[in-house]
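Worksheet: one structure, shown below.
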Amino acid sequence: EAGVTQSPTHLIKTRGQQATLRCSPISGHTSVYWYQQALGLGLQFLLWYDEGEERNRGNFPPRFSGRQFPNYSSELNVNALELEDSALYLCASSHPGQGNQPQHFGDGTRLSIL
Amino acid sequence: SQQGEEDPQALSIQEGENATMNCSYKTSINNLQWYRQNSGRGLVHLILIRSNEREKHSGRLRVTLDTSKKSSSLLITASRAADTASYFCATDDETSYDKVIFGPGTSLSVIP
């Protein structure tokens with residue numbers, strides 16, 4: 001069974017640009033979650049999608065957005081990039097029911113803002 | 115505000131020793147999960163323990179949950195160098211399954 005895959009592995013952008021990160025969940029998983037992990041810090045919850053709908057959102061500005069496609073893959077878009085957006089962005093997938101289902105993580109996209 | 119918080123922040127032990135990490139949380143929960151993260155990689159799910167359970171085992175891992183103290187512990191027995199990683203607890207909220215909050219993690223170093 002293929003795991004959660006994320007692309008690209010690394011992404012280098014400059015301030016003010018826009019970034020698009022992609023995630024393919026494990027087959028059969030309908031829920032996709034996005035997290036931001038800044039260097040040396042824990043995971044900060046960004047977004048939760050299930051069945052194509054945004055189910056919950058963390059405490060992030062609106063320039064962080066995303067969507068989930070009919071095949072349950074997902075995109076995270078970050079507009080007007082700022083230096084503090086530099087982080088590892090992790091995607092996870094699970095069966096529905098975030099609190100009582102193990103999440104399966106990809107290896108992340110390392111976003112660097114110059 | 116943070117729901118779960120691991121203790122200690124960092125732990126260094128010799129191979130073969132046991133490692134114990136603790137997680138404290140603030141509000142009542144339905145479930146608590148432990149994850150491991152190797153450097154530069156994604157998280158790997160280790161164990162999920164429900165609020166009506168007190169102890170679970172998986173191989174060399176033992177997790178306990180004390181809902182009266184709002185705390186959990188993860189014990190790794192007979193540690194190996196490959197156990198070197200960061201360990202996170204993650205909790206939901208009793209009122210909602212909609213959000214899982216991760217603690218800041220414990221960094222474990224196992225010295226060969």
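Heads up: the sequence lines are chains A and B, in that order. Here the numbering used here is used: the first residue of the first sequence is 1, the next is one more, and so on. Here the numbering used here is used: the first residue of the second sequence is 115, the next is one more, and so on. Think of the CB as a built atom: it goes at the ideal place given N, C-alpha and C, for glycine as much as any other residue.
Going by DSSP, G66 of chain A is part of the beta strand (DSSP E) stretching over F64 to Q68. Under the three-state reduction of DSSP, D180 of chain B is assigned to strand.
Closest in alpha carbon position to G58 of chain A, among A:L43, A:N71, A:E51 and A:N79, is A:L43. By the rule that beta-carbons nearer than 7 Å mark a contact, P218 of chain B touches chain A. Scanning its chain for C-beta atoms nearer than 6 Å, with the 5 sequence neighbours on each side dropped, one finds around D50 of chain A the residues T30, S31 and P96, in chain order. Taking a cut-off of 8 Å on C-beta distances, the stretch 185-198 of chain B touches the stretch 136-148 of chain B, as three or more cross pairs fall below it.
Counting only unbroken stretches of 3 or more residues, the beta strand (DSSP E) elements lying wholly within the stretch 4-67 of chain A are 5-7, 10-13, 19-24, 31-37, 44-50 and 53-57, in sequence order.
Interface flag for N136 of chain B against chain A is unset, since no Cβ pair is found closer than 7 Å. For K213 of chain B, a Cβ of chain A is located within less than 7 Å of the residue's own Cβ. Cβ-Cβ distances below 6 Å link R67 of chain A to E75 in the same chain, with the five nearest sequence neighbours on each side left out; the list follows chain order. Around the beta-carbon of A38 of chain A, fewer than 16 other beta-carbon atoms lie within 10 Å, marking it exposed.
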